[in-house]
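Asker: Structure provided below as structure tokens; questions to follow.
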Amino acid sequence: MEIGIFGAVIIGIVVLLLLLLRMKIPAFISLLIASIVTGLLAGLDGEAIIKTIQSGMGGTLGFVATVVGLGAIFGGILEKTNSANIIAQKLLGLTGEKRAPLAMMITGFFVAIPVFFDVGFIILFPILHALHKKTGKSIVHYAVPLLAGLAVTHACIPPTPGPIAVAEIIGASLAWVIVLGFIIGIPMAYVGGILYGKYIGNKIDIQLTDDVESEVEASNFKHTFGRIIWIILMPIILIILGTIIKQEYFSFTSIISDDYLIIDGATLDQLIILLGHPFSALIIANLLAWYLLGKSNGLTSEQLVDISSKSLYPAGIIILVTGAGGVYKQTLVDTGAGELLATALQSWGLGIVFFAFLSATLVRVLQGSATVAMITAAGLVAPLLSSYDLSGGQLACLVIAISSGATMASHLNDSGFWLVKEYLKLTEKQGFRIWTAASTVIGLTGAILSSIAFYLL
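Laid out in structure tokens, this is it:
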């Protein structure tokens, strides 16, 4: 029976969702099985499928594994040296209690650059709880802005794994993703965190009892706020500078005579391109964190090695899932499904930005994981790009659109939903009204803004 390429893709997606949702098979294995099923039904032979798995996995992980591993170690050092708490306390001191929700949003936004969503929420929760007890206001007023900041950065701004993986799969520049991630991400967090947080905080009064630690524990780590922010921003600045020079938007040879430089301008350009690559930038960030946050506060090399090793455990799962997402993408490319989908999109009048957002939203709602939703959607979108002539900015907008869809509607099948529910002592209904609704507002805001930016760039 001839089912065609479209039929093969649809059956492959159904198999993927059944494996994830009904049989609870790990995403890594599920994506590989779905790729094999799609390839077989689309007419690839066994040898071709094995080559597709090898090329898809290798092509994706050659970049992603290195960046995710370095980012995980960096985040682990920041977590264990109390750096996130120091950022939060400083921002609260600057804004005061009246603007504390804004301070919590900003804290979440910056802390989640190197730290995973759930880790960031856990390590910042004592501050959240202390602020709630001090003011007597519903903890929702402060929790939703914090969660919004964490969720947006986790989904939209490298070096978190999701946007790195999506950017690699669809071929977007990380520098563009970082810039647009900030430009679009801040309004996303503000609308979903501050505006919706204020609205729902006035509707639902959640008062936590004293069975939760209400004071931030004293720490032996004495680094300054400025030092921490400088270390966090350093890799981002280097990546942006490296990309600017690589894309020839700027060059030292064009503005400074070699007579004024120790090395010639061309060599300096190449040096900055090297330092601005995500590999180099994150290595530098790790070295700075190792010595300026760890060693300078008395941590031994053995302790720092232990922190680094433990930080890599969750990263390993993300790396494998990302690689399997690359296999899924390569299967769609090798079977020709990408070209057919692109033709269908054009004939239906369905824009690629909307398709990217919708794909991620559907996977997110059905199976829960934002990272899996992003990687799966990227695998569906990547084969379509050969039919479009997109700029670097437009590719970054697609990354943000996918990230927005993957942020949508956190609910019962999302571990983040249960984390929020348990820490805030919510019922399931309250969880829906507070966090499911807030995450949906965040996602829709991102979809609208990324669509506008796509057509402006």
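Under numbering that gives the first Met the number 0, the residues of the sequence shown are numbered 0 to 456, in order. Yeah, the Cβ is synthetic: ideal placement off N, Cα and C, and Gly gets one too. Values in this document were obtained by computation on a predicted structure and should not be read as measured data.
Note the first and the last residue of the continuous alpha helix (DSSP H) segment covering residue 26.
Answerer: Locating residue 26 in the sequence shown gives position 27, counting from the first residue. Note, residue 26: alpha helix (DSSP H), 26-40.
Asker: Using a Cβ-Cβ cutoff of less than 6 Å, which residues in the same chain neighbour residue 358 once the five nearest sequence positions on both sides are dropped?
Answerer: As a working note, residue 358 is residue 359 in the sequence shown. If we look at residue 358 and ignore the five residues flanking it on each side, its Cβ neighbours are 376 and 379.
Asker: For the structure I just gave you, are there three or more beta carbon pairs, one from the segment 170-182 and one from the segment 195-210, closer than 8 Å?
Answerer: Counting Cβ pairs under 8 Å, fewer than three are found: no touch.
Asker: Report the rounded CA-to-CA distance for residue 442 versus residue 405, giving the unit in angstroms.
Answerer: The sequence position of residue 442 within the sequence shown is 443, counting from 1. The sequence position of residue 405 within the sequence shown is 406, counting from 1. Approximately 8 Å between the Cα atoms of the pair.
Asker: Compare the C-alpha of residue 408 against each of 142, 436, 422 and 108 and name the closest.
Answerer: Position 409 of the sequence shown, counted from the first residue, corresponds to residue 408. Cα-wise, what sits closest to residue 408 is 436.
Asker: Output the distance between the C-alpha atoms of residue 32 and residue 333, rounded to the nearest integer angstrom.
Answerer: Translated into positions along the sequence shown, residue 32 becomes position 33. Translated into positions along the sequence shown, residue 333 becomes position 334. Approximately 16 Å between the Cα atoms of the pair.
Asker: Taking only beta-carbon atoms, is residue 237 less than 7 Å away from chain C?
Answerer: Note that chain C does not occur in the displayed structure, where there is just one protein chain.
Asker: Taking Cβ to Cβ, would you say residue 59 is nearer than 7 Å to residue 330?
Answerer: Looking up residue 59 in the sequence shown gives position 60. Looking up residue 330 in the sequence shown gives position 331. No, these two residues do not count as a Cβ contact at 7 Å.
Asker: Looking at residue 111: is its Cβ nearer than 7 Å to the Cβ of residue 152?
Answerer: Here residue 111 is taken as the residue at index 112 of the sequence shown, counted from 1. Here residue 152 is taken as the residue at index 153 of the sequence shown, counted from 1. Yes. Within cutoff.
Asker: So, do the segment 144-161 and the segment 360-374 have three or more beta carbon pairs nearer to each other than 8 Å?
Answerer: With the cut-off at 8 Å, the segment 144-161 and the segment 360-374 touch.
Asker: Do residue 30 and residue 24 have their C-beta atoms closer together than 7 Å?
Answerer: What you label residue 30 is simply residue 31 of the sequence shown in a count that begins at 1. What you label residue 24 is simply residue 25 of the sequence shown in a count that begins at 1. No; because the gap between Cβ atoms is not below 7 Å, this pair is not in contact.
Asker: Measure the alpha-carbon distance for residue 35 versus residue 48 and round it to whole angstroms.
Answerer: Here residue 35 refers to the residue found at position 36 of the sequence shown. Here residue 48 refers to the residue found at position 49 of the sequence shown. If you take the alpha carbons of residue 35 and residue 48, they lie about 7 Å apart.
Asker: List the endpoints of the continuous alpha helix (DSSP H) containing residue 433.
Answerer: Here residue 433 corresponds to residue number 434 of the sequence shown, with the count starting at 1. Segment: none, residue 433 is in no alpha helix (DSSP H) and carries neither H nor E.
Asker: Please go through the same chain and pick out, in chain order, the residues whose beta-carbon is closer than 6 Å to the beta-carbon of residue 447, but skip the five residues on each side of it.
Answerer: The count along the sequence shown starts at 1 and reaches residue 447 at position 448. Once the five neighbours on either side are set aside, residue 447 has no close Cβ partner at all.
Asker: Between residue 68 and residue 314, is the Cβ-Cβ spacing less than 7 Å?
Answerer: Counting from one through the sequence shown, the residue named residue 68 turns up at place 69. Counting from one through the sequence shown, the residue named residue 314 turns up at place 315. Yes. Within cutoff.
Asker: With a floor of 3 residues, list each beta strand (DSSP E) that falls wholly inside the segment 117-195, ordered by position along the chain.
Answerer: The qualifying runs do not exist here; there are none.
Asker: By a C-beta neighbour count over all protein chains shown, 10 Å radius and 16 as the cutoff for buried, is residue 179 buried or exposed?
Answerer: Locating residue 179 in the sequence shown gives position 180, where the first residue counts as 1. Classification for residue 179: buried.
Asker: How would you call residue 387, buried or exposed, if buried means at least 16 neighbouring beta carbons within 10 angstroms?
Answerer: As a working note, residue 387 is residue 388 in the sequence shown. Exposed: under 16 other Cβ atoms inside 10 Å.
Asker: Evaluate contact between the segment 292-305 and the segment 3-11, counting only Cβ atoms and requiring at least three cross-stretch pairs below 8 Å.
Answerer: No, because fewer than three Cβ pairs between the segment 292-305 and the segment 3-11 fall closer than 8 Å, the two stretches do not touch.
Asker: Where does residue 56 land, buried or exposed, given buried means 16+ other C-beta within 10 angstroms?
Answerer: Position 57 of the sequence shown, counting from 1, holds the residue named residue 56. The residue in question, residue 56, is buried, as its Cβ has 16 or more Cβ neighbours within 10 Å.
Asker: Does DSSP put residue 46 in a helix, in a strand, or in coil?
Answerer: Mapped onto the sequence shown, residue 46 falls at position 47. Residue 46 falls in the helix class under three-state DSSP.
Asker: How would you call residue 363, buried or exposed, if buried means at least 16 neighbouring beta carbons within 10 angstroms?
Answerer: To locate residue 363, count along the sequence shown from 1; it is residue 364. Residue 363 is buried by the Cβ-count criterion.
Asker: Would you tell me roughly how many angstroms separate the C-alpha atoms of residue 91 and residue 98, rounded to the nearest one?
Answerer: Locating residue 91 in the sequence shown gives position 92, counting from the first residue. Locating residue 98 in the sequence shown gives position 99, counting from the first residue. Straight-line Cα distance between these residues: approximately 8 Å.
Asker: Please report the straight-line C-alpha distance between residue 400 and residue 191, rounded to a whole angstrom.
Answerer: Your numbering for residue 400 matches position 401 in the sequence shown. Your numbering for residue 191 matches position 192 in the sequence shown. Straight-line Cα distance between these residues: approximately 16 Å.
Asker: For residue 456, does the three-state DSSP call read helix, strand or coil?
Answerer: Numbered from its first residue, the sequence shown carries residue 456 at position 457. Looking at residue 456 - three-state DSSP - the assignment turns out to be coil, as it is neither helix nor strand.
Asker: Rounded to the nearest angstrom, what separates residue 107 and residue 146 at their Cα positions?
Answerer: If you number the sequence shown from 1, residue 107 lands on position 108. If you number the sequence shown from 1, residue 146 lands on position 147. About 7 Å.
Asker: CB residue 175 to CB residue 415, shorter than 7 Å?
Answerer: Translated into the one-based positions of the sequence shown, residue 175 becomes position 176. Translated into the one-based positions of the sequence shown, residue 415 becomes position 416. Cβ atoms of residue 175 and residue 415: not closer than 7 Å.
Asker: Tell me the rounded alpha-carbon separation between residue 197 and residue 426.
Answerer: Translated into the one-based positions of the sequence shown, residue 197 becomes position 198. Translated into the one-based positions of the sequence shown, residue 426 becomes position 427. The alpha-carbon atoms of residue 197 and residue 426 are separated by roughly 19 Å.
Asker: Which class does residue 233 belong to by DSSP, given the choice of helix, strand or coil?
Answerer: For the purposes of this step, residue 233 is taken as residue 234 along the sequence shown, with counting starting at 1. DSSP places residue 233 in helix when its eight states are reduced to three.
Asker: In or out: residue 44 buried (at least 16 other Cβ within 10 Å) or exposed?
Answerer: For the purposes of this step, residue 44 is identified with residue 45 of the sequence shown, where counting begins at 1. Its Cβ having fewer than 16 others within 10 Å, residue 44 is exposed.
Asker: Determine the DSSP secondary structure at residue 23, reduced to helix, strand or coil.
Answerer: In the sequence shown, the residue the question calls residue 23 occupies position 24. In the structure shown, residue 23 sits in coil (DSSP, three-state: anything other than H, G, I, E or B).
Asker: Should residue 393 be labelled buried (16 or more other beta-carbon atoms within 10 Å of its own) or exposed?
Answerer: Within the sequence shown, numbered from 1, the residue matching residue 393 stands at position 394. That one is buried.
Asker: Quick check on residue 288: does DSSP put it in helix, strand or coil?
Answerer: On the sequence shown, position 289 is the one that residue 288 refers to. DSSP places residue 288 in helix when its eight states are reduced to three.
Asker: Can you name, in chain order, every residue of its own chain whose Cβ lies under 7 Å from the Cβ of residue 96, other than the five neighbours on each side?
Answerer: In the sequence shown, counting from the first residue as 1, residue 96 sits at position 97. Only 134 meet the Cβ criterion.
Asker: Kindly indicate which three-state DSSP category residue 205 falls into: helix, strand or coil?
Answerer: By 1-based counting over the sequence shown, the position of residue 205 is 206. Residue state, collapsed to three classes: coil.
Asker: Is there contact between the segment 266-280 and the segment 232-241, where contact requires at least three CB pairs shorter than 8 Å?
Answerer: Judged by Cβ distances under 8 Å, the segment 266-280 makes contact with the segment 232-241, as three or more pairs qualify.
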